[in-house]
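Residue numbers (my numbering), protein chains in the order written: chain A, 28 to 291; chain B, 167 to 390.
Notes follow once the structure below has been shown.
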Amino acid sequence: MLRRRIIPCLDVANGRVVKGTRFVDLVDEGDPPELAERYALEGADELVFLDITAAPERRGTLLDIVERTARRAFIPLTVGGGVRSVTDMRRVLRAGADKVSLNTAAVADPTLITRCARRFGRQAVVVAIDARRMTEPAPDGSPRWEVLVRGGRDPVGLDAVAWAARVTSLGAGELLVTSIDRDGTQSGYDTALLRAIADRVEVPVIASGGAAGPDDFIAAVLDGGADAVLAASIFHRRIHAIADIKAAMAAAGIPVRLSTEGAA
Amino acid sequence: MPRTRRRAKTAWGSDPDRLRIAVVDYGAGNLVSIEQALTAVGADVRVARHPAVLEEAQALVVPGVGAAAPAMRRLARQQLLAPIARWVREDRPFLGICLGLQLLFEVSDEDGAAMFGVLPGRVERLQDAPTLPHIGWNQVSRRREHPLFDGIPDGADLYFVHSFAGVPGGPGAADAILAETTHGATFVSAVANGNTLGVQFHPERSGADGLRLLTNFVRWAGGR
Numbered sequence: 028m029l030r031r032r033i034i035p036c037l038d039v040a041n042g043r044v045v046k047g048t049r050f051v052d053l054v055d056e057g058d059p060p061e062l063a064e065r066y067a068l069e070g071a072d073e074l075v076f077l078d079i080t081a082a083p084e085r086r087g088t089l090l091d092i093v094e095r096t097a098r099r100a101f102i103p104l105t106v107g108g109g110v111r112s113v114t115d116m117r118r119v120l121r122a123g124a125d126k127v128s129l130n131t132a133a134v135a136d137p138t139l140i141t142r143c144a145r146r147f148g149r150q151a152v153v154v155a156i157d158a159r160r161m162t163e164p165a166p167d168g169s170p171r172w173e174v175l176v177r178g179g180r181d182p183v184g185l186d187a188v189a190w191a192a193r194v195t196s197l198g199a200g201e202l203l204v205t206s207i208d209r210d211g212t213q214s215g216y217d218t219a220l221l222r223a224i225a226d227r228v229e230v231p232v233i234a235s236g237g238a239a240g241p242d243d244f245i246a247a248v249l250d251g252g253a254d255a256v257l258a259a260s261i262f263h264r265r266i267h268a269i270a271d272i273k274a275a276m277a278a279a280g281i282p283v284r285l286s287t288e289g290a291a
Numbered sequence: 167m168p169r170t171r172r173r174a175k176t177a178w179g180s181d182p183d184r185l186r187i188a189v190v191d192y193g194a195g196n197l198v199s200i201e202q203a204l205t206a207v208g209a210d211v212r213v214a215r216h217p218a219v220l221e222e223a224q225a226l227v228v229p230g231v232g233a234a235a236p237a238m239r240r241l242a243r244q245q246l247l248a249p250i251a252r253w254v255r256e257d258r259p260f261l262g263i264c265l266g267l268q269l270l271f272e273v274s275d276e277d278g279a280a281m282f283g284v285l286p287g288r289v290e291r292l293q294d295a296p297t298l299p300h301i302g303w304n305q306v307s308r309r310r311e312h313p314l315f316d317g318i319p320d321g322a323d324l325y326f327v328h329s330f331a332g333v334p335g336g337p338g339a340a341d342a343i344l345a346e347t348t349h350g351a352t353f354v355s356a357v358a359n360g361n362t363l364g365v366q367f368h369p370e371r372s373g374a375d376g377l378r379l380l381t382n383f384v385r386w387a388g389g390r
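Listed below in structure tokens is the structure:
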């Protein structure tokens, strides 16, 4: 049976792993390849690596770090941040990424999703959706979420669930769904958001934003329908070990991979 | 966006004890990880973008993710189709990974691509899958023993990223099946036909068990 995945996220700024609350107030958390190796050894099923300061001049640095990271951890690596073209994606894959995450560029030009999927296969194309709950619910009273871009700063007038369905039909092979309301707050994943999206799409959904403890991971899977659960600060700061979260998930009846030793 | 520095080796190493493996690069991603993993388990790895590299290689690895038709077009453009087909026909040590396995079959339902056709059968979309693509760690259950899986527990979790898989056909199809995996329906996740091996999962991304499988391949390919 397919295992539900635990994915530590490395938010990288200027070559260092950082973490802030709601994408601001960044704090240095360490060296990307070192953290990647540590997480692989501790049982991470996959790694996500987001360049959150993806200005063009930093791209060379990022590719170098992706390559050094890929050398240290023999588990899958998704890289996002600043990928704006099929050529950009090709370079990131060549640096050692297995998948590429598109966000702002996909909103600006949705055909990018289709072009990347045609070239590299949809399984290599992750679309990241940063969503924020709207104060006004839908006419039937159910909650609504809007899509934000540029690191969760700017609303673009898209409904997050409708956008999820659209990017999937355009060629996204996986969705990384971040609740901007919850990100960095350790108040739990937005399981209503996850469920609304998971029920609409066939592709795997990665939950992101708000992890505090094992119960949140369990809720993301059982209530939210997530196939994978991503977290950053609780792992960087050793608040919870990956193995402990997996043990709690297994005890809740969720299939997880319990072997470790992902690094060389 | 500046180009990344290419660190791919352009010559074989000097250590004759290391198995010389050519890893075919046809622009379908996932190359650095396989190159690094094979190097980590002791192989002398060269990236093959043109046929000449195959001449001194002792084993051939075809990795890759994505769709079959563009992959076949790029292999054709790089004049690698005939050398790879000949390699497999001569039953030299070969490991296809993911798309590299799928290309061995006759035709792909994904885009109708005609492929190498050295394994009878077609590549079909996964049936009854609860999610597609099939992404993540899943159990690989063995159907027969093979040195490729030495030291790897039956039912070990290995990493998959795909929506299609090869369906061996014709007489003796079942003999080629090394292992199967279930995601919705059960599909073939490893095959062996003589010295032609293929795995649908990604050993280079499957942690310790994946590195063990690559170690086994290197040992097995070098032991003839």
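Cβ coordinates follow ideal geometry from the N, Cα and C atoms, glycine included.
Quick caveat: nothing in here was measured; it's all calculated off a predicted structure.
Secondary structure of residue i, DSSP reduced to three states
{"i": "Y66 (chain A)", "result": "helix"}
{"i": "G126 (chain A)", "result": "Residue identity differs from the one stated: residue 126 (chain A) is Lys in this sequence, not Gly. Looking at K126 (chain A) - three-state DSSP - the assignment turns out to be strand."}
{"i": "Q202 (chain B)", "result": "helix"}
{"i": "T114 (chain A)", "result": "helix"}
{"i": "F271 (chain B)", "result": "coil"}
{"i": "G107 (chain A)", "result": "strand"}
{"i": "Q213 (chain A)", "result": "coil"}
{"i": "S307 (chain B)", "result": "strand"}
{"i": "F367 (chain B)", "result": "coil"}
{"i": "R186 (chain B)", "result": "strand"}
{"i": "F260 (chain B)", "result": "strand"}
{"i": "E56 (chain A)", "result": "strand"}
{"i": "G208 (chain B)", "result": "coil"}
{"i": "N382 (chain B)", "result": "helix"}
{"i": "A223 (chain B)", "result": "coil"}
{"i": "R49 (chain A)", "result": "Low local confidence applies: a pLDDT of 49 at R49 (chain A) is under 50, so the model's placement there is unreliable, with the coordinate-based value given in what follows. Three-state result, R49 (chain A): coil."}
{"i": "L298 (chain B)", "result": "coil"}
{"i": "V256 (chain A)", "result": "strand"}
{"i": "G332 (chain B)", "result": "strand"}
{"i": "I188 (chain A)", "result": "Looking at the sequence provided, one finds Val at residue 188 (chain A) rather than Ile. Looking at V188 (chain A) - three-state DSSP - the assignment turns out to be helix."}
Nearest-angstrom Cα separation, counted from residue j out to residue i
{"i": "L377 (chain B)", "j": "A158 (chain A)", "result": "38 Å"}
{"i": "L77 (chain A)", "j": "N382 (chain B)", "result": "34 Å"}
{"i": "A279 (chain A)", "j": "P259 (chain B)", "result": "44 Å"}
{"i": "F147 (chain A)", "j": "A133 (chain A)", "result": "16 Å"}
{"i": "P182 (chain B)", "j": "A258 (chain A)", "result": "45 Å"}
{"i": "F326 (chain B)", "j": "G262 (chain B)", "result": "14 Å"}
{"i": "P286 (chain B)", "j": "H300 (chain B)", "result": "24 Å"}
{"i": "R95 (chain A)", "j": "G107 (chain A)", "result": "16 Å"}
{"i": "R145 (chain A)", "j": "V113 (chain A)", "result": "10 Å"}
{"i": "L324 (chain B)", "j": "P282 (chain A)", "result": "14 Å"}
{"i": "R180 (chain A)", "j": "A351 (chain B)", "result": "42 Å"}
{"i": "A291 (chain A)", "j": "F101 (chain A)", "result": "Residue placement at A291 (chain A) cannot be trusted, given a pLDDT of 39 that sits under 50; what the coordinates show is reported in the next sentence. Their Cα atoms are separated by approximately 7 Å."}
{"i": "V93 (chain A)", "j": "G336 (chain B)", "result": "44 Å"}
{"i": "G179 (chain B)", "j": "R212 (chain B)", "result": "9 Å"}
{"i": "V284 (chain B)", "j": "F271 (chain B)", "result": "6 Å"}
{"i": "R222 (chain A)", "j": "D250 (chain A)", "result": "7 Å"}
{"i": "A235 (chain B)", "j": "N359 (chain B)", "result": "24 Å"}
{"i": "G389 (chain B)", "j": "A233 (chain B)", "result": "34 Å"}
{"i": "V365 (chain B)", "j": "G278 (chain B)", "result": "21 Å"}
{"i": "D191 (chain B)", "j": "V248 (chain A)", "result": "37 Å"}
{"i": "Y66 (chain A)", "j": "P35 (chain A)", "result": "7 Å"}
{"i": "D55 (chain A)", "j": "H263 (chain A)", "result": "10 Å"}
Residues that residue i contacts on chain B, provided the C-beta gap is smaller than 8 Å
{"i": "D254 (chain A)", "result": "T297, I301, G302"}
{"i": "A151 (chain A)", "result": "G195, V231, G232, V327"}
Whole-number beta carbon distance between residue j and residue i, since they are thought to touch under 8 Å
{"i": "W253 (chain B)", "j": "D72 (chain A)", "result": "Incorrect: roughly 34 Å between the Cβ atoms, too far for contact."}
{"i": "A342 (chain B)", "j": "V357 (chain B)", "result": "5 Å"}
{"i": "T195 (chain A)", "j": "E229 (chain A)", "result": "7 Å"}
{"i": "W172 (chain A)", "j": "L220 (chain A)", "result": "5 Å"}
{"i": "A322 (chain B)", "j": "F353 (chain B)", "result": "Going by Cβ atoms, the distance from A322 (chain B) to F353 (chain B) rounds to 17 Å, so no, they are not a contact pair."}
Neighbour list for residue i in chain A, Cβ cutoff strictly below 8 Å
{"i": "D316 (chain B)", "result": "Near D316 (chain B) there are no residues of chain A at all, since even the closest Cβ is about 17 Å away, more than 8 Å."}
{"i": "Q305 (chain B)", "result": "M28"}
{"i": "P236 (chain B)", "result": "R145, R146"}
Chain A contact residues for residue i, given Cβ-Cβ distances below 7 Å
{"i": "G376 (chain B)", "result": "F101"}
{"i": "A203 (chain B)", "result": "F101"}
Proximal chain B residues relative to residue i, where beta-carbon distance stays under 9 Å
{"i": "A67 (chain A)", "result": "G373"}
Proximal chain A residues relative to residue i, where beta-carbon distance stays under 9 Å
{"i": "A209 (chain B)", "result": "Under the 9 Å cutoff, chain A gives no residues; its nearest Cβ is about 14 Å from A209 (chain B)."}
Beta-carbon neighbours of residue i, restricted to chain B and to distances below 7 Å
{"i": "R98 (chain A)", "result": "Q202"}
Contact with chain E by residue i, beta-carbon distance below 9 Å
{"i": "I245 (chain A)", "result": "Of the protein chains in this structure, namely A and B, none is chain E."}
By the 8 Å beta-carbon criterion, what residues does the region 220-242 of chain A contribute toward chain B? Cβ contacts with chain B: E229, V230, P231.
Proximal residues, the region 327-358 of chain B versus chain A, C-beta separation under 8 Å: For the region 327-358 of chain B, which is checked against every Cβ of chain A, the residues closer than 8 Å are V327, H328, S329, T348, H349.
Members of the region 186-202 of chain A that neighbour chain B once the beta carbon cut-off is set at 9 Å: Residues of the region 186-202 of chain A whose Cβ lies closer than 9 Å to any Cβ of chain B, in chain order: G200, E201.
Using a Cβ-Cβ cut-off of less than 8 Å, list which residues of the region 136-149 of chain A approach chain B; keep chain order. For the region 136-149 of chain A, which is checked against every Cβ of chain B, the residues closer than 8 Å are R145, R146, F147, G148, R149.
Any C-beta of chain B within less than 8 Å: which residues of the region 167-180 of chain A qualify? In summary, no residue of the region 167-180 of chain A has a CB separated from any CB of chain B by less than 8 Å.
Cβ-based contacts, 8 Å cut-off: residues of the region 274-292 of chain B near chain A: Taking 8 Å as the Cβ-Cβ cut-off against chain A, none of the residues of the region 274-292 of chain B qualify.
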